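Per the numbering used here, the sequence shown starts with residue 212, numbered consecutively.
For every residue, glycine included, the Cβ atom is placed at its ideal position computed from N, Cα and C.
Bear in mind that the values here come from a model prediction, so they are computed numbers and not experimental data.
Below is one structure, written out as C-alpha cells; the observations come after it.
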Amino acid sequence: MNLVLELATPADTERLGRAVGARLRAGDVVVLSGPLGAGKTVLARGIGAGLGVRGPITSPTFVIAREHPALPGGRGVPLVHVDAYRLGGNAELDDLDLDTDLLTAAVVVEWGEGLAERLVDEHLLIRLQRPDADAEGSSDHSRVAQLCGPDRLIPEPACLMVTRQPEISHP
Ligand SMILES: Nc1ncnc2c1ncn2[C@@H]1O[C@H](COP(=O)(O)OP(=O)(O)O)[C@@H](O)[C@H]1O
Ligand SMILES: [Mg+2]
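Take a look at the structure:
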C-alpha cells in the first residue's frame with residue numbers, strides 16, 4: 212500500500228511516528244529517507260514514543276546504531292535506531308549484526324534506502340520531502356511523507372489528523 216500525507220508541523224511528523232510505532236513488532240524494519248533536515252529523526256522519535264522505549268532518540272554524531280530498551284507499559288519491543296549516513300556499504304551494515312537485533316527488536320534506519328531492504332523480506336519505507344526547501348525566504352515547515360509497505364504497518368490516515376485548526380466558537 213502507498214499513502215501520501217502532508218505534515219504541516221514537527222508535531223504532525225511525530226504523530227505519524229507514534230502511529231507507526233504502535234504497529235511495529237520485533238523483526239520489523241522501517242527505512243527513512245529524505246534529505247538532511249527532512250525530519251527523519253523527528254519521525255524516529257515518534258516511532259520510539261509509539262513503541263514505548265527509553266529515549267532520548269537523537270541524531271547520533273559518532274554512533275551508528277543505538278538500542279533503546281522497552282519501557283514498562285510500552286509494547287515490549289526495543290528499538291534499534293540506525294543512522295546509515297556514514298555507512299560505507301553492505302559490509303559495514305552486516306557488521307552491525309542487525310539480524311540478531313531483529314530477533315527481538317524493531318529497527319529504524321535513517322538514510323537506509325538502497326541498503327537496509329535486504330535485512331528482511333518486507334519493510335516500511337517512509338520518504339520525507341521538503342517541498343519548499345528551495346523557495347526563497349521560505350519559512351514553511353511543511354513536509355510530505357510517502358509511505359510504502361505492507362498494510363499492517365501503515366496507519367489509518369483518519370487516526371493521524373492534520374494540524375488542528377483553531378476552533379470556531381459559536382455563541
Ligand atoms: N513538518 C516537520 N516535520 C519534521 N520536522 C520539521 C517539520 N517542520 C520543521 N521541522 C524541523 O526540521 C528539523 C528536522 O530535523 P531532523 O529530524 O533531525 O532531520 P533529519 O533527521 O531528516 O536530518 C527539526 O529541526 C524540526 O524541528
Ligand atoms: Mg537524522
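Whether residue i touches residue j by CB criterion (9 Å)
i	j	result
V231	H334	no
V293	H279	no
V355	L227	no
L330	D310	yes
L364	L235	yes
L282	R297	no
Q357	L214	yes
D177	D332	It is not possible to answer for residue 177, since the shown part of the chain is limited to 212 through 382.
Closest Cα partner of residue i within the set the options
i	options	result
G323	P221, P368, V240 and L313	V240
S270	I365, A249 and V288	A249
P361	L314, H352, L336 and L371	L336
R286	V215, D306 and A233	A233
L254	T220, R297, E367 and L314	T220
P289	C359, P246, L298 and I258	I258
S244	V264, M212 and L339	L339
V319	L216, M212 and I275	I275
L371	D305, D351 and R229	R229
R195	G299, G284, N301 and T252	Lying before the first or after the last residue shown, residue 195 is absent from the chain, which here runs from 212 to 382.
M212	P267, G299 and C359	C359
Supposed contact pair residue j and residue i - C-beta distance, whole angstroms, cut 8 Å
i	j	result
E328	A295	Wrong, their Cβ atoms sit about 12 Å apart, outside the cutoff.
L262	A317	7 Å
Outcome for residue i when other beta-carbon atoms lying within 10 angstroms are tallied against a minimum of 16
i	result
R341	buried
L314	exposed
R256	buried
T374	Low local confidence applies: a pLDDT of 49 at T374 is under 50, so the model's placement there is unreliable, with the coordinate-based value given in what follows. Exposed, since its Cβ has fewer than 16 Cβ neighbours within 10 Å.
Q376	Any reading at Q376 must be qualified, since the residue scores a pLDDT of 48, below 50, and its modelled position is unreliable; the value itself is stated next. Exposed, since its Cβ has fewer than 16 Cβ neighbours within 10 Å.
D312	buried
D366	In the sequence under discussion, the amino acid at residue 366 is Pro, which differs from the Asp named in the question. So P366 counts as buried.
E225	buried
N301	exposed
Near ligand 4: residue i beta-carbon under 8 Å from a heavy atom
i	result
A327	As far as ligands go, the structure on display features ligand 1 and ligand 2 and does not contain ligand 4.
Quiz prompt | Sequence-ordered residues whose beta carbon comes within less than 7 Å of a heavy atom of ligand 2 | solution = Matched residues: K251, T252, S270, D294 and E321.
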